[in-house]
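Reviewing the structure listed below.
Here you go:
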């Protein structure tokens, strides 16, 4: 498949905000005139079940309506998935794997079959400190943004704030943006 | 006219069309994956963005019954459903068409139970292809939006007065956020115009009867009139497509070809698969393969002549059916395509692939496999009805 389409796959568990993260990235990108798609993979919908969500970003209209099998970037919101889900499936060695974990890169390498670049971040710690809940999607978006710069930083931040103000209120919106900013600034690339 | 660029799901697009149409009455019952349409639309109702009387009913049977009542009363009426919801409406779906009520219903295509499955196939809308409703299919959210707006005009045209189903793929389209371009409110309002009910039940000065007993004396004549209305709709659909095309710059038709000019191998399909197939065609064309796509937009009424015209000169055709017709020879789309060529002396070899049932993914590899198999089909038809992407 032609790679003029930038593709990201998020792995999480129901309730962790993988779908929201994928959508926020797409929505912010269209504000920059990009063409996007964002969709979750729906199985049985329940809290805690493994879920996938996808984002496509391109300078040109996107006609593909199949799932993403060879992403540029894989984002894992929950480290417990590493043991049960083949998160690196279809991710080439030129791809990027971003994992929310309190483990080191070497420890992670022993869990996944992947020779490309790996970035780790303890997003749970950031989320707990900023939001008081282990919802890591916005912190993980901070890492995605830092590592890929796939959308303009300010545009994404502003869109995120607007989105959460509408859905969660001003207080939680600002806290989510703080988690995003902290992860962006603290992550070791 | 101002176009708005949005990141919307197919369901949001449909709800946006409904907001701009501002129907008098909407009656609906939630069912996945349609629910997101009514979720968004009921927010418009709650916020006072529309004047719609929103009737929450206890089942789809009641939803369509309320739509029949309201449309007969002279109100512009809309609803939406999926799969088993449509199945539960069944009895009233036929009554809406035979009573000649211009209701517009969005179908978010989903597999019919059983076993229970919430994902996309076309067994729901294809199952009611003989119900007397016009059926329009949508490749993506933007098309679902546009088809919904056009459907209102088609349904309400005095030469037609038939209900219209606008179909989009469950989840693949309904839940996928995509870049879409939508029209401004004023343009849509002007396009659909004011609705004046035909023989409204509530016009007490001109009393009329709806739904009386109609036995062997007149029932047949009324059915014949339904056939005429469906036939009349061909011209009206074309006019509405053309008029809408002047606004959007996009020219829709009953069937739309992609790279058909010199194509030898062609896939025919409906809804979201068309986009993925187009991507594969571009890739194969670069390798010098003469491949193309015929996308079906309108399934009812069916245009024999146009199918033949569009596929003239093609050597091998693969019809992709996202529903099966148990005991029949191939899926519903295949049956129509194949029968369209019956009288032709020059015709392609046509085969059918049943695919994607219950949301089974149609990926690029499968589409390439179809085009590869069509190479053989050009000279040797082989098995007429095949199954794509199923474990056997």
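Residue numbers (our numbering), protein chains in the order written: chain G, 9 to 197; chain P, 1069 to 1460.
Where is the CB? At the ideal position from N, CA and C, for every residue including glycine.
Asked                                                                                                                                                                                                       : Found
Closer than 7 Å between beta carbons: that is the criterion. Which residues of the segment 1231–1247 of chain P meet it against chain G?                                                                    : 1239, 1240, 1243, 1244, 1245, 1246, 1247
Note down, in chain order, all residues in the segment 21–39 of chain G with a beta-carbon under 7 Å from any beta-carbon belonging to chain P.                                                             : 31, 34, 35, 38
In the DSSP assignment, the beta strand (DSSP E) including residue 1148/P goes from what residue to what residue?                                                                                           : 1145–1149
Return the chain-ordered list of same chain residues with a C-beta closer than 7 Å to the C-beta of residue 188/G, the five sequence neighbours on each side being excluded.                                : 146, 147, 149, 150, 165, 168
Count the other CB atoms within 10 Å of the CB of residue 1069/P; is the residue buried (16 or more) or exposed (fewer)?                                                                                    : exposed
Are the C-beta of residue 163/G and some C-beta of chain P separated by less than 8 Å?                                                                                                                      : no
Between residue 76/G and residue 158/G, which are expected to be in contact by the criterion C-beta below 8 Å, what is the C-beta distance as a whole number of angstroms?                                  : In fact, because the Cβ distance is near 14 Å, the residues do not count as touching under 8 Å.
Would you identify the three-state DSSP class for residue 10/G, choosing helix, strand or coil?                                                                                                             : Since pLDDT at residue 10/G reaches only 47, below the 50 mark, its modelled position is unreliable, and no value is offered.
At what residue ranges does the segment 1234–1267 of chain P contain a whole run of the alpha helix (DSSP H), taking only runs of 4 or more?                                                                : 1253–1260
Is the shortest distance between the beta-carbon of residue 9/G and the beta-carbons of chain P less than 8 Å?                                                                                              : Annotation note: pLDDT 43 at residue 9/G (below 50); position unreliable, coordinate value reported separately. Closer than 8 Å to some Cβ of chain P, the Cβ of residue 9/G qualifies, so yes.
Against chain G, with Cβ distances strictly below 8 Å, would residue 1124/P count as a contact?                                                                                                             : no
Quick one: what's residue 1096/P bridged to in DSSP?                                                                                                                                                        : 1124/P
Apply the 10 Å Cβ neighbour rule to residue 1160/P and answer buried if 16 or more other Cβ atoms are within range, or exposed otherwise.                                                                   : buried
Helix or strand or just coil, what does DSSP make of residue 1069/P?                                                                                                                                        : coil
Mind checking the segment 94–120 of chain G against chain P and listing, in chain order, the residues whose C-beta falls within less than 9 Å of any C-beta there?                                          : none
What runs of the alpha helix (DSSP H), each 4 residues or longer, lie entirely inside the segment 89–126 of chain G?                                                                                        : 113–117
Could you name the residues of the same chain whose beta carbon sits closer than 6 Å to that of residue 46/G, not counting the 5 residues immediately before and after it, in chain order?                  : 30, 31, 34, 63
Going along the chain, which residues of its own chain have a beta-carbon closer than 6 Å to the beta-carbon of residue 1453/P, five neighbours each way excluded?                                          : 1398, 1420
How many Å lie between residue 22/G and residue 1383/P at the Cα?                                                                                                                                           : 48 Å
To be precise: take each residue of the segment 58–78 of chain G, compare its Cβ to all Cβ atoms of chain P, and keep it if any distance is under 8 Å. Which residues remain?                               : 69, 70, 71, 72, 73, 74, 75, 77
Give me the Cα-Cα distance between residue 130/G and residue 184/G, rounded to the nearest whole angstrom.                                                                                                  : 15 Å
At the 8 Å Cβ level, is residue 1073/P part of the contact set with chain G, yes or no?                                                                                                                     : yes
Quick one: list the residues of chain G neighbouring residue 1176/P, beta-carbon separation under 9 Å, in chain order.                                                                                      : Within 9 Å Cβ-Cβ: nothing; residue 1176/P doesn't reach chain G, min ~13 Å.
Tell me which same chain residues have a C-beta within less than 8 Å of the C-beta of residue 141/G, skipping the five on either side of it?                                                                : 135
At the level of alpha carbons, what is the spacing between residue 74/G and residue 1078/P?                                                                                                                 : 15 Å
Under 8 Å between the Cβ atoms of residue 1105/P and residue 1176/P?                                                                                                                                        : yes
Report yes or no: is there a C-beta of chain P within less than 8 Å of the C-beta of residue 44/G?                                                                                                          : yes
Compare the C-beta of residue 47/G with all C-beta atoms of chain P and state if any pair is closer than 8 Å.                                                                                               : yes
Cβ of residue 192/G less than 8 Å from any chain A Cβ?                                                                                                                                                      : Chain labels in this structure do not include chain A; the protein chains are G and P.
According to DSSP, is residue 147/G part of a helix, a strand, or is it coil?                                                                                                                               : helix
Tell me whether the segment 1112–1129 of chain P and the segment 1287–1302 of chain P touch, counting them as touching only if at least three CB pairs, one residue from each stretch, are closer than 8 Å. : no
Just checking: is the beta-carbon of residue 1343/P within a distance shorter than 8 Å of some beta-carbon in chain G?                                                                                      : yes
Quick check: what's the CA-CA separation for residue 1315/P versus residue 1449/P?                                                                                                                          : 44 Å
Can you name the residues that DSSP bridges to residue 1337/P?                                                                                                                                              : 1363/P
Along the chain, where does the alpha helix (DSSP H) that runs through residue 1408/P open and close?                                                                                                       : 1400–1408
Is it buried or exposed for residue 174/G, if we count other Cβ within 10 angstroms and need 16 for buried?                                                                                                 : exposed
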